[in-house]
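At position 305 of the sequence shown the residue is numbered 296 (our numbering), and the sequence of numbers has no breaks.
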Amino acid sequence: MAVIERFATDRELPPTEQLPPGPRLPALIQSILFLTHNPWIAPRWQRRYGDVFTITVAPAGRAVVLNRPEHIREVFAGAADTFHAGEGNAILGPIMGEHSVLLIDEEAHRVARKRIMAAFRGESISGWAPIVEQLAAERVAEWPVREPFAVHPRLNDISLEVILRIVFGVSDEARLAEMRPLLQRLIRIGPVIFVGWVYPQLQRVGPWRRFNELKARVDDLLYAEIADRRGVADLGERTDVLSKLLIAAPEQTDAELRDHLITLLLAGHETTASTLAWTLHDLARRPQLLARVRRAAEEDDDEYLEATVKEAMRLRPVIRNVARALAKPTRVAGYDLPAGVVLLPSIVLAHRREDSFADAAQFRPERFLDGSPPPATWIPFGGGLRRCLGASLAMVEAVAVLKAVLRAVDLAPVGRSERPKTRNITTVPARGARLVSLPR
């Protein structure tokens, strides 16, 4: 690590015309550091080069990292025909599909977003909370007692079940049994798979060939579920997202629906489970705070539980950056930037700013009890026209699971605080957030 730190901090890239300064490391090294050690390297580059700096990262190329709220607001308020999130997320295309709402821009994005939003109306979301809480309570009852275990995989199981039941709406037990292990494998893809997407010649060998075979099996199951759902007699009475998507726009192709489902799976499964894992990991190491949050669970104080989850998302952002590709030259953060540059508002850096969050290193849910934080300071769901469509479901799920866990068990930490590690595009506890569960 000392060698990496020396390379990461001791060499500078002379300012390229129209771009802020940044590290001079080879593009491959910058990519590895930024994609796999982001919580460690981003603050070091910020200290070295300032609040606006340029990196070179595959497959985006030149990218400008931002973290000041006023600069992030410029990005989120930018014109849809200039700030392209779809292009910025292009690395996810091989798994999410060309119709994914994360990968399209302008009018195509507006249409797709409107359709998906119809499935996330308030009355639907409020009805999902009891379902999530029951699912979570059933799984927590199966947790080991008085012995260390990694809670993150267990939370992944809960989150996957929420996706299967509430988003996919799968009820056939045989199909559920077949889907679960395949989707778990799909979700656990690592950064090495991304390399195969940048270099297509790798697709026929090793882990990339196996990934393509896995993806094909998952797609077959999803297409079968979509075909079955189109033929059910009670479609209008169902509350799952797939059924609502079919009602909102029955003309959507199976490929479009498949891409929406995979996007909601990948954007909503790992992120929520990892947020909850970090939340329980940190609460177990803060007994007084844990007691306060447990009281909120027992009293149905959803406001305090939600504030706790939001604070965990601030301290431990699971997604590290937002991405926008410039389709046209434009001025951002005081720089006249050319088309093709990718803007990366850094969630990690924005959430650590002392001028946005006093005593930023401290876990204090009370920050979120007195109204929303100032715009563009707390951005785990992105912002602007591209704010995460599943944000409301994520918060409902997180609060319901937290409530079910803390009503059922006490928590004790195992060892020292865990370091973060990168899994696909998320930051997770390196050892799975090991805890001891004690019956109440």
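Positions of the beta carbon are idealized from the N, C-alpha and C atoms, including for glycine. None of the values given here were measured: they were computed from a predicted structure.
Residue i vs residue j beta-carbon contact at 8 Å
i      : j      : result
Ala367 : Gly373 : no
Ala258 : Gly381 : yes
Ser91  : Thr254 : yes
Phe159 : Glu89  : no
Arg305 : Trp369 : yes
Lys412 : Val419 : yes
Val392 : Leu267 : yes
Arg169 : Leu205 : The identity of residue 169 in the sequence shown is Glu, whereas the question assumes Arg. No, they are not a contact pair.
Pro12  : Gln21  : no
His260 : Ala424 : no
Pro278 : Gln9   : no
Pro365 : Ser383 : no
Phe202 : Ile178 : no
Residue i: first and last residue of the uninterrupted beta strand (DSSP E) it sits in
i      : result
Gly52  : Gly52 to Leu57
Pro420 : Thr417 to Pro420
Thr262 : Note, Thr262: premise wrong, no beta strand (DSSP E); alpha helix (DSSP H) at Asp245 to Ala275.
Arg322 : Thr321 to Val323
Thr413 : Pro411 to Arg414
Thr45  : Phe44 to Val48
Arg431 : From DSSP, Arg431 is part of no beta strand (DSSP E); its letter is neither H nor E.
Leu402 : Val400 to Pro404
Leu335 : Val333 to Pro336
Own chain partners of residue i with C-beta closer than 7 Å, once the 5 adjacent residues on each side are dropped
i      : result
Ala395 : Glu124, Ala127, Ala128 and Val131
Arg355 : Glu302
Arg229 : Gly160
Phe359 : Ala298, Lys301 and Glu302
Of the listed residues the options, nearest to residue i (C-alpha basis)
i      : options                           : result
Val66  : Arg431, Arg410, Arg378 and Asp291 : Arg378
Tyr295 : Arg322, Leu334 and Glu357         : Glu357
Met108 : Arg176, Asp72, Leu233 and Phe202  : Leu233
Gly362 : Ala421, Arg38, Leu376 and Glu297  : Glu297
Leu26  : Arg422, Arg414 and Leu426         : Arg414
Leu151 : Asp219, Leu252, Arg221 and Ala246 : Leu252
Gln175 : Pro198, Gly197 and Val209         : Val209
Ser117 : Phe359, Ile180, Ser347 and Asp293 : Asp293
Thr244 : Gly227, Leu24 and Tyr214          : Tyr214
Arg220 : Arg249, Asn203, Leu94 and Gln194  : Arg249
Gln37  : Asn80, Arg112, Arg106 and Asn58   : Asn58
Gln353 : Arg104, Leu274, Pro144 and Val102 : Leu274
Glu97  : Thr73, Asn80 and Leu173           : Thr73
Proximal residues to residue i (C-beta, below 8 Å), its chain only, five neighbours per side dropped
i       : result
Leu429  : Val136, Arg137, Val400, Asp401, Leu402 and Ala403
Asp231  : Arg156, Ile157, Val158, Phe159 and Gly160
Ile338  : Pro308, Ile310, Arg311, Asn312, Val313, Ile370 and Pro371
Gly41   : Pro11 and Pro12
Arg(-3) : Note that Arg(-3) has pLDDT 35, beneath the 50 cutoff, so the model's placement of it is unreliable and the number below is only indicative. No residues qualify anywhere along the chain.
beta-carbon residue i near the ligand FAD non-hydrogen atom, thresh 7 Å
i      : result
His260 : Only the bare structure without any ligand can be found here, which leaves the ligand FAD out of the picture.
Own chain, CB closer than 6 Å to residue i, minus 5 neighbours either side, in chain order
i      : result
Leu256 : Ile154
Ala288 : Lys394, Leu397 and Arg398
Ala54  : Ile46, Val48, Val333 and Leu335
Chain C contact for residue i (CB, 8 Å cutoff)
i      : result
Val323 : Absence of chain C from the displayed structure is noted, only one protein chain being present.
Residue range of the unbroken alpha helix (DSSP H) whose run includes residue i
i     : result
Arg38 : Asn29 to Tyr40
The segment 60 to 74 touching the segment 315 to 328, judged by at least three CB pairs closer than 8 Å
Look at the beta carbons and you see the segment 60 to 74 touching the segment 315 to 328: at least three pairs across the two are nearer than 8 Å.
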